[in-house]
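Below is one structure; the comments refer to it alone.
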Amino acid sequence: MTLDDILASPRTRRPVVMGILNVTPDSFSDGGEFFDARQAARQARRLADDGADILDVGAESTRPGSERVSTDEQIRRLRDVLPAAVACGAPVSIDTTLSPVARFALDAGAAIVNEVSAGRDDPAMLELAASRKVPIILMHMLGEPKDMQARPRYENVVAEVRAFLAARADAAIAAGVPRERIIVDPGIGFGKTLEHNLALLAGTAELASLGFPVLVGPSRKRFIGELTGQDDPHQRVAGTVAACLAAWSRGATIFRVHDVRALRDAMTVAEAIGRDAEP
């Protein structure tokens, strides 16, 4: 899938599967599993072989309670991994809030910036995306990873997240990012309770009405465990697939997941049913 295909997904309704590659020792679900560069390279190939349309590579955990990782350390973790990920053939996105890290990744062949602070942590990020003419993912997060789950509150979570994403998209456009290269993400699990996450997934159509591709990332998240009783994140695959299918039926088209094969198979079946359905 090309970048143009990904950005056109709201029109074509073709689901885009983004495979997660955490080059970290402390991510909530797979921390340490792919911290070694050789293990990370093998996982990148596995994700691509399983059908990932995008490989999302990050070197800083954003799990609840996590601390920031310096520019130098992120680059050190990425140095040997990015070339291997790029060689897999799928577009690579760099998951970082720091423009020097994003610049390093783009120089190494990454093609998308995945920015969980939506350009608030480092305003130069929006200018970088504009100058490099790359798509940027703008995500909603309440607070910072270290405190985002400390009693999050909203009056109307869907309306507030929608307004935030609209404002950050405006900021990106003002910085020179073309409107057609913006992707928005409601930030499932980032400063949200179980009820907030469910409301956002149910309200995906309102987010899609902004006119940008909508990315959702429910993969293995705590709210799935709360619903299913699965304490082990690795046992939350079925719940992840269900959340993605629900969001797809409401207009989301990009899905950030750990378990690419399971979602790809589910989407293949869902697409076939949709094609063959009576008007």
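Residue 43 is where the sequence shown starts when you use our numbering, and the numbers rise one by one after that.
Note that CB positions come from ideal geometry on N, CA and C, so glycine has one too.
Would you kindly work out how many angstroms separate the C-alpha atoms of S141 and R80, rounded to a whole number? 26 Å
Coarse secondary structure for D274, derived from DSSP in three states: coil
Using 8 Å as the threshold, is the segment 97-107 in touch with the segment 53-62, meaning 3 or more CB pairs across them? yes
Where the alpha helix (DSSP H) through V203 begins and ends: 199-216
Check each candidate in I154, R121, R195 and name the one with the smallest Cα separation from H238. R195
Do P177 and V155 have their beta-carbon atoms positioned less than 9 Å apart in this structure? yes
Taking the C-alpha atoms as reference points, what is the distance between A126 and N198? 43 Å
Look at the alpha carbon of G73 and the alpha carbon of L243, and state the distance between them as a whole number of angstroms. Only weak support is given to the placement of G73: the predicted model assigns it a pLDDT of 49, under 50, and the question is left unresolved by the model.
Quick one: residues in its chain with C-beta nearer than 6 Å to the C-beta of T113, no 5 flanking neighbours on either side, listed in chain order? Cβ neighbours of T113 beyond the five flanking positions: L140, P142, V143.
Mark D212 as exposed unless 16 or more other C-beta atoms lie within 10 angstroms of its C-beta, in which case mark it buried. exposed
Member of H276, D273, S261 whose CA lies at the smallest distance from the CA of F297: S261
Alpha helix (DSSP H) segments (min. 4 residues) lying fully within the segment 103-172: If we require 4 residues or more, the alpha helix (DSSP H) runs fully inside the segment 103-172 come out as 113-120, 124-128, 141-149.
Buried or exposed: T270, going by 16 or more other Cβ atoms within 10 Å of its Cβ? The Cβ neighbour count for T270, taken over all protein chains shown within 10 Å, is under 16; the residue is labelled exposed.
Taking 8 Å as the limit between beta carbons, can you name the residues of its chain near D46, skipping five residues before and five after? none
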